[in-house]
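Novice: Reminder that position 131 of the sequence shown reads as 131 in the UniProt record's numbering, one-by-one numbering, no gaps.
Glycine is no exception: its CB is placed at the ideal position from the N, C-alpha and C atoms.
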Amino acid sequence: MTVQYMPGFGNDFETESLPGALPQGQNSPQRPAYGLYAEQLSGSPFTAPRGTNERSWLYRIRPSVKHTTRFKAVAFDQWKSAPNVNDHQLSLGQLRWNPMPIPNEETNFLAGVRTMTTAGDVQGQAGMAAHVYAFNSSMVDEYFFNADGELLLVPQEGGLRIKTEMGIIEILPGEIAILPRGMIFQVELMDGPARGYMCENYGAKFTLPDRGPIGANCLANPRDFKTPTAWYEEKETPCRLFVKWCGEFHVTEIGHSPLDVVAWHGNYAPYKYDLSTFSPVGAILFDHPDPSIFTVLTAPSGEEGTANIDFVIFPPRWMVAEHTFRPPWYHRNIMSEFMGLIKGQYDAKEEGFVPGGVSLHNMMLPHGPDAFGFEKASKSELKPVKLDDTMAFMFETRFPQHLTRYAAETDALQDNYIDCWTDLKKRFNGTPEGNWS
Ligand SMILES: [Fe+2]
């Protein structure tokens, strides 16, 4: 199976997996080629402004109404939705977790999702949930769509083959995939067990941030986003379609695969992105800009400059600033920061924050380099240094993030994270030189 992609962000794509399957010159022919059904999938209200209006036309073996029968409720107890507050006894704090273990028993993607935090309100279509996933088996004859928001998948270990209605996406650690709200998909393993992170965006879709004075290039460039070409399976066997809808799960039994779109066109589609293609911009003389300079994708909230979610990465880069404390500074933030590490080390925390782990610095809670990192950076020789073999990321939201009971009670929670700042010394001694010994 060769997976093919079309480059561009938010383009009006067109693709067909059988010649002539895609109607030309109109959307809804009286009798589409190959006996296909025409169907529109709307990702925005019909009347959304042109810049945010998103829809695709799908030409499929059966219309989607044939991909559901009667629903019945089903439980995925560890996948939570906002609001999910006061679900635990843990007090407020800066928190950090070890990687979630790969399960021993057979577990697929759907069963392998554990929600760490929720923010906002799924019914109000604002906010997000931050999940981790770990699983060891592929979905077979099982499919899923999430009506509650788009999904941003960030693998940390193991490749994922995501078969969607609109084509197949394969991602390895270091790449991400975005699956639009409502998109039916199935997740298979590519090379053994998988672990990673997932952001569920209840609000407006992720888009590219404006670059302002940076200009027309750098950061995430549109051509590096890849949308799959059309692909379908004609499978007439019993299948189950799971749905997440307003925080509840439902399942419906059908007699065939719902991944039956032979051709499609439009701008509402899944895509992938290789984080190594992000072209970072940073300080080239002194100080450093706010971490928003590393924003890959932003999901607007409706209030200008105030993201529902920013997806931010900390990629390999050169550090060259003169007479500057180069790691992230100490700060307090009205936004809430959920961080993960895909590989390597994060420059503010050389110990304790390991690949697959999580840290959470919630609204207005102070944080910054640990004592070791501060000592090292305040005394190091400021020659050009390359931070290499690293990739950390952040889901940052305007909403406070509420822990789930799983996050509060899991053995993976580190009980000593707060101690990482204990050894920060008082340097003030009343003299302009201070005490830097
Ligand atoms: Fe921060």
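1) Nearest-angstrom Cα distance between Y271 and M6?
2) Whole angstroms are fine: how far does the CA of Y133 sit from the CA of F109?
3) On a CA-only basis, which of A283, M335, P327, R317 is nearest N308? Give me that one, please.
4) With DSSP run on the structure shown, which of helix, strand or coil describes L90?
5) Which full runs of the beta strand (DSSP E) of 3+ residues lie inside the segment 169-246, going along the chain?
6) Assuming the contact rule is C-beta atoms closer than 8 Å, C199 and F311 should be a hit. Round their C-beta distance to whole Å, please.
7) For I102, I'd like the list of residues in its chain whose CB is within less than 7 Å of its CB, leaving aside the five on either flank, ordered along the chain.
8) Give me the Cα-Cα distance between P315 and V296, rounded to the nearest whole angstrom.
9) Can at least three beta-carbon pairs, one atom from the segment 256-265 and one from the segment 296-306, be found at a separation below 8 Å?
10) Hey, which unbroken runs of the alpha helix (DSSP H) at 4 residues or more fall wholly within the segment 125-176?
11) Are the Cβ atoms of F9 and F185 separated by less than 8 Å?
12) Nearest-angstrom Cα distance between M364 and Y346?
13) I need the DSSP call for T277, collapsed to helix, strand or coil.
14) Just tell me which of L403, F206, R55, V243 has its CA closest to the CA of S359.
15) Relative to the alpha-carbon of R211, which residue among N221, Y202, K205 has its alpha-carbon at the smallest distance?
16) Do the segment 242-251 and the segment 27-40 touch if we need at least three Cβ pairs shorter than 8 Å?
17) Could you tell me the distance, in whole angstroms, from the CA atom of Y273 to the CA atom of G434?
18) By the three-class DSSP mapping on this structure, what secondary structure does Y330 have?
19) Going straight from the alpha carbon of Y202 to that of R161, what length do you get?
20) Determine the contact status of G127 and G120, defining contact as a CB-CB distance below 8 Å.
21) Any heavy atom of ligand 1 closer than 7 Å to the CB of A362?
22) With residue 466 as the anchor, note down where its beta strand (DSSP E) starts and where it stops.
23) Would you say H367 touches ligand 1, meaning its beta carbon is less than 7 Å from a heavy atom?
24) Cβ of H288 within 7 Å of any heavy atom in ligand 1?
25) Quick one: complete alpha helix (DSSP H) runs, 4+ long, within the UniProt domain "Homogentisate 1,2-dioxygenase C-terminal" (277-428)?
26) Taking F144 and F278 to be in contact with their CB atoms under 8 Å, please state how far apart those CB atoms are, rounded to whole angstroms.
27) Is it the case that the CB of H67 approaches a heavy atom of ligand 1 more closely than 7 Å?
Specialist: Put simply:
1) Rounded to whole angstroms, the separation of the alpha carbons of M6 and Y271 is 9 Å.
2) CA-CA distance, F109 to Y133, rounds to 7 Å.
3) Residue M335 is the option with its Cα nearest to N308.
4) Here L90 sits in coil by DSSP.
5) Counting only unbroken stretches of 3 or more residues, the beta strand (DSSP E) elements lying wholly within the segment 169-246 are 175-179, 185-189, 194-201, 225-228, 239-245, in sequence order.
6) With a beta-carbon spacing of about 7 Å, C199 and F311 fall inside the 8 Å limit used to define contacts.
7) Close CB contacts of I102 within its chain, under the 7 Å cut and outside five residues either way in sequence, are with A134, N136, P193, R195 (chain order).
8) For P315 and V296, the distance between alpha carbons rounds to 11 Å.
9) Of all C-beta pairs linking the segment 256-265 to the segment 296-306, fewer than three are shorter than 8 Å, placing the two stretches out of contact.
10) Segments of the alpha helix (DSSP H) lying fully in the segment 125-176: there are none.
11) Their beta carbons are not under 8 Å apart, which means F9 does not touch F185 by this criterion.
12) Between the alpha carbons of M364 and Y346 lies a gap of roughly 21 Å.
13) Three-state DSSP puts T277 in a helix.
14) Nearest in C-alpha terms to S359, of all of L403, F206, R55, V243, is L403.
15) Of the listed residues, the one whose Cα sits closest to R211 is N221.
16) Taking a contact to require three or more Cβ pairs closer than 8 Å, the segment 242-251 and the segment 27-40 do not qualify as touching.
17) In a straight line, the C-alpha of Y273 is about 47 Å away from that of G434.
18) Correct three-state label for Y330: coil.
19) Inter-residue distance for Y202 and R161 is about 24 Å (C-alpha atoms, whole angstroms).
20) A distance below 8 Å separates the beta carbons of G127 and G120.
21) Before going on, a small fix: residue 362 reads as Asn here, not Ala. Residue side-chain check: N362 keeps its Cβ at 7 Å or more from all non-hydrogen atoms of ligand 1.
22) Beyond the ends of the chain as shown, which are 1 and 437, falls residue 466; an answer cannot be given.
23) Yes, since a heavy atom of ligand 1 falls inside the 7 Å radius drawn around the Cβ of H367.
24) Because no heavy atom of ligand 1 lies under 7 Å away, the Cβ of H288 does not count as near it: no.
25) Contiguous alpha helix (DSSP H) elements confined to the UniProt domain "Homogentisate 1,2-dioxygenase C-terminal" (277-428) occur at 371-379, 405-409, taking only those with 4 or more residues.
26) Wrong, their Cβ atoms sit about 29 Å apart, outside the cutoff.
27) Within 7 Å of the C-beta of H67 there is not a single heavy atom belonging to ligand 1.
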